[in-house]
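> My numbering puts the first residue of the sequence shown at 9, with every later residue one more than the last. Just so you know, even glycine gets a beta-carbon here, dropped at the ideal spot from N, CA and C.
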Amino acid sequence: MLKNKTISLRLPGLKRLLSYQRAWLRGDVLAGVTVAAYLIPQCMAYGELAGVKPIVGLWAIIPPMVIYTLFGSSPQLSVGPESTTAVMTAAAIAPLVAANDTNYAILASLLALMVGIICIIGYIARLGFLADLLSKPILIGYMAGVAVIMITGQLSKVTGIDIEANTVFGQIREFLSRVDQIHLPTLILAVLVLIFLFFIQNRFRNAPAPLLAVLLATAAVTLFDLDHWGVAVVGSIPAGLPHFALPKVSVQELLPLVASAIGIAIVGYSDNVLTARAFATRNHYKIDANQELLALGTSNLGNGLMQGFPISSSGSRTVIGDSLGSKTQMFSLIALVVVVLVLLFLRPLLAQFPKAALGAIVIYAATKLIEIREFLRLGKFRRSELLLALITMLGVLLTDILVGVAVAVGLSVIDLFARVARPHDAVLGEVPDLPGLHDIEDWEGAKTIPGLVIYRYDAPLCFANVEHFKRRALEAIEAETTPVEWFVLNTEAIVEVDITAIDTIAELQSELATRGITFAMTRVKQDLYLQLKRSGLLQKIGSEHIYLTIHTAIAGFAARDRHSYNNAND
Numbered sequence: 009m010l011k012n013k014t015i016s017l018r019l020p021g022l023k024r025l026l027s028y029q030r031a032w033l034r035g036d037v038l039a040g041v042t043v044a045a046y047l048i049p050q051c052m053a054y055g056e057l058a059g060v061k062p063i064v065g066l067w068a069i070i071p072p073m074v075i076y077t078l079f080g081s082s083p084q085l086s087v088g089p090e091s092t093t094a095v096m097t098a099a100a101i102a103p104l105v106a107a108n109d110t111n112y113a114i115l116a117s118l119l120a121l122m123v124g125i126i127c128i129i130g131y132i133a134r135l136g137f138l139a140d141l142l143s144k145p146i147l148i149g150y151m152a153g154v155a156v157i158m159i160t161g162q163l164s165k166v167t168g169i170d171i172e173a174n175t176v177f178g179q180i181r182e183f184l185s186r187v188d189q190i191h192l193p194t195l196i197l198a199v200l201v202l203i204f205l206f207f208i209q210n211r212f213r214n215a216p217a218p219l220l221a222v223l224l225a226t227a228a229v230t231l232f233d234l235d236h237w238g239v240a241v242v243g244s245i246p247a248g249l250p251h252f253a254l255p256k257v258s259v260q261e262l263l264p265l266v267a268s269a270i271g272i273a274i275v276g277y278s279d280n281v282l283t284a285r286a287f288a289t290r291n292h293y294k295i296d297a298n299q300e301l302l303a304l305g306t307s308n309l310g311n312g313l314m315q316g317f318p319i320s321s322s323g324s325r326t327v328i329g330d331s332l333g334s335k336t337q338m339f340s341l342i343a344l345v346v347v348v349l350v351l352l353f354l355r356p357l358l359a360q361f362p363k364a365a366l367g368a369i370v371i372y373a374a375t376k377l378i379e380i381r382e383f384l385r386l387g388k389f390r391r392s393e394l395l396l397a398l399i400t401m402l403g404v405l406l407t408d409i410l411v412g413v414a415v416a417v418g419l420s421v422i423d424l425f426a427r428v429a430r431p432h433d434a435v436l437g438e439v440p441d442l443p444g445l446h447d448i449e450d451w452e453g454a455k456t457i458p459g460l461v462i463y464r465y466d467a468p469l470c471f472a473n474v475e476h477f478k479r480r481a482l483e484a485i486e487a488e489t490t491p492v493e494w495f496v497l498n499t500e501a502i503v504e505v506d507i508t509a510i511d512t513i514a515e516l517q518s519e520l521a522t523r524g525i526t527f528a529m530t531r532v533k534q535d536l537y538l539q540l541k542r543s544g545l546l547q548k549i550g551s552e553h554i555y556l557t558i559h560t561a562i563a564g565f566a567a568r569d570r571h572s573y574n575n576a577n578d
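#1: Starting from His-446, trace the alpha helix (DSSP H) in both directions and tell me its first and last residue.
#2: Count the other C-beta atoms from every protein chain shown that fall within 10 angstroms of the C-beta of Ala-198, then say buried if there are 16 or more, exposed otherwise.
#3: With Leu-556 as the anchor, note down where its alpha helix (DSSP H) starts and where it stops.
#4: Can you give me the start and stop residues for the beta strand (DSSP E) that Asp-433 sits inside?
#5: Grab the span of the beta strand (DSSP E) containing Tyr-465 for me, first residue to last.
#6: Report the rounded CA-to-CA distance for Thr-375 versus Ile-208, giving the unit in angstroms.
#7: Classify Phe-527 as helix, strand or coil using the three-state DSSP reduction.
#8: Can we say the region 83 to 90 touches the region 334 to 341, given the rule of at least three CB pairs closer than 8 Å?
#9: Leaving out five residues before and five after Thr-508 in sequence, what residues of the same chain have Cβ atoms less than 8 Å from its Cβ?
#10: In this structure, does DSSP put Ala-576 in helix, strand or coil?
#11: When the Cβ atoms of the region 119 to 127 are set against those of the region 264 to 279, are three or more pairs found closer than 8 Å?
#12: For Gly-238, which residues from the same chain have a beta carbon less than 8 Å from its beta carbon, with the 5 sequence-adjacent residues on both sides left out?
#13: What residues match up with Asn-498 in a beta bridge as DSSP calls it?
#14: Can you give me the Cβ contacts of Ala-240 inside the same chain, cut-off strictly under 8 Å, excluding the 5 residues immediately before and after it?
#15: Taking the alpha helix (DSSP H) that Asn-280 falls in, what are its first and last residues?
#16: So, under 8 Å CB-CB, Ala-454 and Val-439 are touching, yes? Tell me the CB distance rounded to an integer number of Å.
#17: Would you mind stating whether Ile-328 and Tyr-537 have Cβ atoms separated by less than 7 Å?
#18: Ignoring anything shorter than 4 residues, give me the alpha helix (DSSP H) runs that lie fully in the region 166 to 212, in order along the chain.
#19: Please state whether DSSP places Leu-482 in a helix, a strand or coil.
#20: Considering only C-alpha positions, which residue in the set Leu-313, His-553 and Glu-504 is nearest to Ile-75?
#21: Starting from Lys-455, follow its DSSP beta bridges and name the residues at the other end.
#22: Going along the chain, which residues of its own chain have a beta-carbon closer than 6 Å to the beta-carbon of Ser-373, five neighbours each way excluded?
#23: When the Cα atoms are used, what is the spatial distance from Ala-576 to Ala-567?
#24: Name the residue from Val-435, Glu-493, Leu-497 and Tyr-465 whose alpha carbon lies nearest to the alpha carbon of Thr-526.
#25: When DSSP labels each residue in this structure, what does Leu-22 get in the three-state scheme?
#26: Within the chosen definition, does the region 259 to 268 reach the region 396 to 404 through at least 3 CB pairs nearer than 8 Å?
#27: Just the C-alpha distance for Asp-296 and Ser-81, rounded to the nearest angstrom, thanks.
#28: State the Cα-Cα distance for the pair Ala-434 and Ser-321, rounded to the nearest angstrom.
#29: Between the region 94 to 103 and the region 45 to 65, do three or more beta carbon pairs fall short of 8 Å?
#30: Below 8 Å on the Cβ atoms is my contact criterion, and I expect Ser-307 with Pro-72 to pass it. Report the Cβ-Cβ distance as a whole number of Å.
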């Protein structure tokens, strides 16, 4: 019993494989082979994007696929190299290599180790909820900014111009100033590959377009001797598979990577858990957000020890697997077998891959990250949401990409606090021919009960919004045309309060009492009731002025004269 519980909590993927059903095999095999065909050229391109050799992009597939199969909570997520973490890796390491002449590959492995450790620490601290801080507008804007960085970063590969600038606008400026140096065969090959990729995408959505494109481009290199015409190719690839190696660096090299590792961990995990959630919702199963931290952390840890670089999940590969019927992580294991066979027996073919084609694949992948329809949808829904997305995109483009991560997280938190600090509120009243009480601002002809203000505040009360609450409550009283005798706070949305809120409610109650207005509360939940009791505020308000429902509060108001009369006779 205990053993099975441990497996379910720590190794959910293993539990799923132990209960594997034969009916799943066909979909998993088909998905695994097709995903392998797609990821081979894609991950080689992402290796280039990360600043390491293309073969390292393939090596970086092996540990994550095995580890995530055991630790991951999603049966369909495809993990491994992906565009965002690749470009962030390059942005983090390139300045250090330029300054210290350090081995790039060693720093990439070290960064993967650090990302893995950070994610595992997050798992132990149960920080999975932090992914929720990245709202949809922030992610849309951030991914669009990353896509532009990806595209400009490939200008050198697809044009043959040796561009030295590292920033987006610097690369564009250098490209425009040296446009006369474009290597025509390289550009033509890249453009043809892009056209082919978009054509296959539109006509045959489930086909492994990147693999077909690179195979055709490789055939063109061989048939027309394009490498002799100056078209750059991947070149010779070392034999064998990656081996265990512990990166050896100094503390001076380690410290500058800490902030980068935190940024990559945040973005990688957010992408990981959001993609997993999307497919879990689509296919009616659940994932464990905190378990995903452990799975991503151990996957990166394995990559760091096996000469890899930071990785996350791939939405495009997950989509392909889902469309072909993947049911479990068995599809990843099958894809892994295909990749290993290619590494062992097809290296001469990989060596002839033209870099222009790999650059075109990265540009093709980047275009999928720019969701124009989502920008338009945000604009139609709420302008502030669109503004958040645009500011995030500009933050990524105008600053270092890791600063862009901080901007994205900061904007998410600011947006969250803005909503909490200035939530919706309402004065409730009666509407002719409509049962119940409703927001008087929403209905023509709605009127409050004379002498009674029932006020609803649609957020928990805390230091960030309690002054706003008090001001709005007093404004609701001042807006009444007849003298107010009772003020009833509807607490259905107030699930908790902090000590600042307690003190401010006490101040409001005292201020109303000096004006002859009774303060009461309705729809008080048990947790809130206990907080009121522990703080002493309940005694000040009086338990007789705490009501479970709005109707009992109204009845209490209606009986006020009789209650006052009885007290006077006593």
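According to the structure data:
#1: Run containing His-446: none in the alpha helix (DSSP H); it sits in the beta strand (DSSP E), 442 to 447.
#2: It counts as buried.
#3: Unbroken run through Leu-556: none, as it is neither H nor E.
#4: Per DSSP, Asp-433 belongs to the beta strand (DSSP E) from 433 to 439.
#5: Under the DSSP assignment, Tyr-465 falls in the beta strand (DSSP E) whose first and last residues are 460 to 465.
#6: Note on geometry: alpha-carbon atoms of Thr-375 and Ile-208 lie some 15 Å from one another.
#7: In the structure shown, Phe-527 sits in a strand (DSSP, three-state: E or B).
#8: The region 83 to 90 vs the region 334 to 341: in contact.
#9: The beta carbon of Thr-508 lies closer than 8 Å to those of Cys-470, Phe-471 and Val-474 in the same chain, with the five residues before and after it left out.
#10: Residue confidence for Ala-576 is low, a pLDDT of 40 falling below 50, so the modelled location carries little weight; the figure read from the coordinates is stated next. Look at Ala-576 here: in three-state DSSP terms it is helix.
#11: With a cut-off of 8 Å, the region 264 to 279 and the region 119 to 127 count as touching, because enough Cβ pairs lie within range.
#12: Excluding residues within five positions, the ones whose Cβ falls inside 8 Å are Gly-168, His-191, Pro-193 and Thr-194.
#13: Paired residue(s): Arg-464 and Thr-530.
#14: Within the same chain, Ala-240 has close Cβ partners Lys-165, Gly-168, Thr-194, Pro-362, Lys-363 and Ala-364.
#15: It spans 265 to 291 - the alpha helix (DSSP H) in which Asn-280 sits, taken as one unbroken run.
#16: The beta-carbon distance between Ala-454 and Val-439, rounded to whole angstroms, is 5 Å. This is short enough to meet the 8 Å contact definition.
#17: No, Cβ-Cβ distance for Ile-328 and Tyr-537 is not below 7 Å.
#18: Complete alpha helix (DSSP H) runs here, min 4: 176 to 185 and 192 to 211.
#19: Here Leu-482 sits in helix by DSSP.
#20: The shortest C-alpha separation from Ile-75 is found at Leu-313.
#21: Within the DSSP bridge table, the entry for Lys-455 names Glu-438 as partners.
#22: Reading off the sequence shown, one finds Ala at residue 373, where the question assumed Ser. If the five residues before and after Ala-373 are omitted, its C-beta is found closer than 6 Å to the C-beta atoms of Ser-91, all from its own chain and listed in chain order.
#23: Reliability fails at Ala-576, whose pLDDT of 40 lies under 50, so the model's placement of it is uncertain and the value that follows must be treated cautiously. Rounded to the nearest angstrom, the two C-alpha atoms are 14 Å apart.
#24: Nearest to Thr-526 by C-alpha distance, out of Val-435, Glu-493, Leu-497 and Tyr-465, is Glu-493.
#25: Helix, per DSSP.
#26: Because the criterion of three Cβ pairs below 8 Å is not met, the region 259 to 268 and the region 396 to 404 do not touch.
#27: The alpha-carbon of Asp-296 is positioned some 6 Å away from that of Ser-81.
#28: Rounded to whole angstroms, Ala-434 to Ser-321 spans 44 Å at the Cα level.
#29: The region 94 to 103 makes contact with the region 45 to 65; the number of CB pairs closer than 8 Å reaches 3 or more.
#30: Confirmed, about 4 Å.
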